[in-house]
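Residue numbering for the sequence shown follows the numbering used here, beginning at 51 and increasing consecutively.
Note that the Cβ used here is the ideal one computed from N, Cα and C, for glycine as well.
Reviewing the structure listed below.
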Amino acid sequence: MIEHLATIERDAQGTSRVHCLDARVKIIITFAAIISMVAMPYSTAVYPLALCWFALFVVWWSLTDLSPRVFFWRYLMTLPFGLFIIIFQIFFENPYYDVFTPIVTFPFGISIYAQSVEFASILALKFTACIIWVILLSSTTPMEDLLQGARRLGFPSVMALSLGMMIRYLFVFAEMYADINDALAVRHFSAFSRALPYRYRIKILAYTIGTMFLRSYEQGERTYTAMLCRGYGKDTYEHLEKKALTGGEYILIISMIVLFCATFTGVVLFWA
């Protein structure tokens, strides 16, 4: 999974109409979509709202010139972060329902409730409807542009610097991992190969992890020194060049916010 980090930055360098938008526009639209979805109460009204969000996302993604396969792969990469919590919801009673109807009963008093399954589906839709906009933002905005756009919107300079350093080292770490993984593959080593003794595989993996930590530390020192020599320091994001949004970008931001608010209000009133 970590080998595909570089492809995210590569795809973000595109030239589509969405790629060419100012990072601030995409950040505001992403936050507006997430906030409006999070604000929706946990009820079946989430279903039509999520459907509207998906339809709107499809329109935006079609303008990026990126294939649907790219989106599905990145969505699958995010699933482990929310899938575990969502699945476990079906086994618990939650405060959003008064009555619980068991569907399946297991030993030790464990049951799957119909209401909990409904709640898990609502939670899954909320998670998906939020994460797809984050995927759109990350797939069409280079990391440096994203940090500069956030800083122009008032994001603290220290936090922008910290995130910038983390992102830089994340890609360095990914390259190191790829090199070491290739070296092990050339030597016909596989951590899942039953042909090799279990203790030997654990030993090699321990050496590999230690090597990656040492190389990351050494590379981090060299990279940080080189960045300081080039003027990259704590004041890097303090004095960015002023960049005004165009009239069309303002209209796009206002139109999307109005659309989100109108859709949210319409769904709430209709479902009420």
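Using a Cβ distance threshold of 8 Å, Ala100 and Leu175 count as a contacting pair. Secondary structure note for Val154: its beta strand (DSSP E) is the uninterrupted segment 152-156. For Asp61 against Leu126, the beta-carbon gap comes to about 16 Å, at or over 8 Å, which does not count as contact. Here Gly316 has no same chain residue with a Cβ atom under 8 Å from its own Cβ, once five neighbours each way along the sequence are excluded. Under the Cβ criterion (8 Å, minimum of three pairs), the stretch 158-176 counts as touching the stretch 132-141.
The Cβ-Cβ distance between Ile162 and Ile153 falls below 8 Å. Apart from the 5 residues on each side of it in sequence, Met277 has no Cβ closer than 6 Å to any other Cβ in its chain.
DSSP places Tyr300 in the uninterrupted alpha helix (DSSP H) bounded by 297-321.
By the 16-neighbour rule on beta-carbons within 10 angstroms, Phe320 is exposed.
An exposed status is given to His238, since fewer than 16 other beta-carbon atoms sit within 10 Å of its beta-carbon. Per DSSP, Ser117 is not a residue of any beta strand (DSSP E), being assigned neither H nor E. DSSP places Ile162 inside the beta strand (DSSP E), whose first and last residues are 160-163. Our two residues, Met306 and Ile79, have alpha carbons roughly 7 Å apart in a direct line. Assigned with DSSP and collapsed to three states, Arg272 falls in helix. If you draw a straight line from the Cα of Thr178 to the Cα of Tyr146, it is about 20 Å long.
The Cβ-Cβ distance between Ser189 and Phe223 does not fall below 8 Å. For Phe205, the three-state secondary structure derived from DSSP is coil. Contact annotation: Gly199 and Asp72 have beta-carbon atoms nearer than 8 Å. Distance from the CA of Ile77 to the CA of Asp232, rounded to the nearest whole angstrom, comes to 37 Å.
Membership of Met87 in the alpha helix (DSSP H) is indicated by the continuous run 73-89.
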